[in-house]
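What follows is a set of notes on a single structure, which appears directly below.
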Amino acid sequence: MSHSPSLHIGLTWVLRPWPDAAGGWSASVTTWLEAGEQITSFAAEIRPFLTGEMGHVG
Numbered sequence: 322m323s324h325s326p327s328l329h330i331g332l333t334w335v336l337r338p339w340p341d342a343a344g345g346w347s348a349s350v351t352t353w354l355e356a357g358e359q360i361t362s363f364a365a366e367i368r369p370f371l372t373g374e375m376g377h378v379g
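Quick note, the sequence shown lines up with residues 322 to 379 if you use the working numbering.
Structure representation (structure tokens):
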């Protein structure tokens, strides 16, 4: 996580294969949010995904 002087927070998400997978690739994206309410709202929305509590379709 990084912080800019303009009160924005950058969260960088990185996706990599298992360590023994061939190829050694990775992909990343940075999500920039305003500090304060936007961070609080984002945390509430992402929590079910990170904890595995999302509903399953089908």
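For each residue, glycine too, the CB sits at the ideal point set by N, CA and C.
- If you draw a straight line from the Cα of leucine 332 to the Cα of glycine 373, it comes to about 20 Å.
- Annotated three-state conformation of glutamate 374 is coil, per DSSP.
- DSSP places alanine 348 in the strand class (E or B) of the three-state scheme.
- Per DSSP, leucine 332 is one residue of the beta strand (DSSP E) stretching across 329–336.
- Residue Val335 holds the alpha-carbon nearest to the alpha-carbon of valine 350 among Val335, Glu366, Trp339 and Pro369.
- Separation of serine 347 and aspartate 341 (C-alpha to C-alpha, rounded to the nearest whole angstrom) is 13 Å.
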